[in-house]
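Colleague: Starting off with a structure, shown below.
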Ligand code: PMP
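Numbering (our numbering), first residue to last: 33 to 330.
Dropping the structure here:
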């Protein structure tokens, strides 16, 4: 396998050597922020939105990212070039940095900036064709008034608990409800239900991250003439939907064909989901910001 280069605080190091201190507050406390960004044929999808979200998350937790957004863009491009990648998932992490054992971030001097780029499909290829079986789990989404879902922080414990529940049940993904029992989102993806010509997805105040893929799908759906509602819904609405699908930068767009044992539609990825997926695939190329011009596009 080709060697993999990781950007780590101003230099490129090989994967095996990409290490940070055990005193890093990102490690000790999950104190930091991150982004997942996709590149399609050298086009970075919605880079501005991803960087805005990263810098807003950092501002919210009073973390000063040392680089400007322009400098960060340059780092991302260099990481792609160094790894010779035109199609990739980029993980950009900014942690609070090395401090003492106390919680107080004022002991941390420099944020650590890490960029990992690699080819990644979140679920096995066959699941993109057959659709996912998922469940709803007992783990509830963090209340948005306790920790805003807009802050994409390194604290993913409750999402990890969702994954554990899902794998214990033998499925690869699950939906979280919020504290009132409304459907919030998946462990790392947003959820849509389709009923006739109407798409519904939970609004941010239910507890969902207002994902960048979610927002792209909303735009596409409106362009294609669907009605789109951002409204709270329950498990009943999911069970009785014509179609269900999940969206996320890592997950992309993936159909759901069974929820808590209830078959959705005819048990195969639905017509509308496939139509939206096709339009999404076109959009990631059309709308992508071409930041990687010297590589020929196949
Ligand atoms: N919800 C959660 C909890 C996530 O971690 C993600 C992945 N970033 C999403 C939704 C999907 O968001 P996006 O489309 O911006 O990747």
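Don't be surprised by glycine CBs; every beta carbon is placed ideally from N, CA and C.
Which full runs of the beta strand (DSSP E) of 3+ residues lie inside the segment 245-325, going along the chain?
Modeller: Listed in chain order, the complete beta strand (DSSP E) runs (minimum 3 residues) inside the segment 245-325 are 259-262, 275-280, 284-291.
Colleague: Could you pull out every residue in the same chain whose Cβ sits closer than 8 Å to the Cβ of residue 230, ignoring the five residues on either side in sequence?
Modeller: Position 198 of the chain shown, counting from 1, holds the residue named residue 230. The residues are 258, 259, 260, 261.
Colleague: Give the residues whose C-beta lies closer than 6 Å to at least one heavy atom of the ligand PMP, in chain order.
Modeller: Counting only residues whose CB is nearer than 6 Å to a non-hydrogen atom of the ligand PMP, the list in chain order is 68, 191, 217, 220, 221, 222, 241, 243, 244, 245, 246, 279, 280, 281.
Colleague: Counting only the same chain and skipping the five closest in sequence on each side, list residues whose C-beta sits under 6 Å from that of residue 330.
Modeller: For the purposes of this step, residue 330 is taken as residue 298 along the chain shown, with counting starting at 1. In this prediction, residue 330 scores a pLDDT of 28, lower than 50, which makes its location untrustworthy; the coordinate-derived value is nonetheless stated afterwards. If we look at residue 330 and ignore the five residues flanking it on each side, it has no Cβ neighbours.
Colleague: Determine the DSSP secondary structure at residue 104, reduced to helix, strand or coil.
Modeller: Here residue 104 refers to the residue found at position 72 when the chain shown is read from its first residue. In the structure shown, residue 104 sits in a helix (DSSP, three-state: H, G or I).
Colleague: Taking 8 Å as the threshold (C-beta atoms), are residue 121 and residue 85 in contact?
Modeller: The residue labelled residue 85 in the question sits at position 53 within the chain shown. The residue labelled residue 121 in the question sits at position 89 within the chain shown. No, these two residues do not count as a Cβ contact at 8 Å.
Colleague: Find out if the Cβ-Cβ distance for the pair residue 271, residue 288 is shorter than 8 Å.
Modeller: Working through the chain shown from its first residue, we reach residue 271 at position 239. Working through the chain shown from its first residue, we reach residue 288 at position 256. No, these two residues do not count as a Cβ contact at 8 Å.
Colleague: Rounded to whole angstroms, what's the CA-CA distance from residue 318 to residue 244? Just pull it up for me.
Modeller: To locate residue 318, count along the chain shown from 1; it is residue 286. To locate residue 244, count along the chain shown from 1; it is residue 212. Those two C-alpha atoms are separated by around 16 Å.
Colleague: Is residue 238 closer than 8 Å to residue 214 when the C-beta atoms are compared?
Modeller: In the chain shown, counting from the first residue as 1, residue 214 sits at position 182. In the chain shown, counting from the first residue as 1, residue 238 sits at position 206. It is a contact, given that the beta carbons lie within the stated cut-off.
Colleague: Enumerate in chain order the residues of its own chain whose CB-to-CB distance from residue 135 is below 7 Å, with the five nearest sequence positions on each side excluded.
Modeller: Counted from its first residue, the chain shown places residue 135 at position 103. Same-chain partners within the cutoff: 61.
Colleague: How is residue 144 classed by DSSP in three states: helix, strand or coil?
Modeller: Taking the chain shown and counting its residues from 1, the one referred to as residue 144 is at position 112. Residue 144: strand per DSSP, three-state reduction.
Colleague: Terminal residues of the continuous beta strand (DSSP E) containing residue 227?
Modeller: Taking the chain shown and counting its residues from 1, the one referred to as residue 227 is at position 195. First-last of the beta strand (DSSP E) with residue 227: 222-227.
Colleague: Under 8 Å by Cβ, that's how I've got residue 263 and residue 232 pegged, so tell me the actual separation to the nearest angstrom.
Modeller: Within the chain shown, numbered from 1, the residue matching residue 263 stands at position 231. Within the chain shown, numbered from 1, the residue matching residue 232 stands at position 200. The pair is a contact, with the Cβ atoms about 6 Å apart (cut-off 8 Å).
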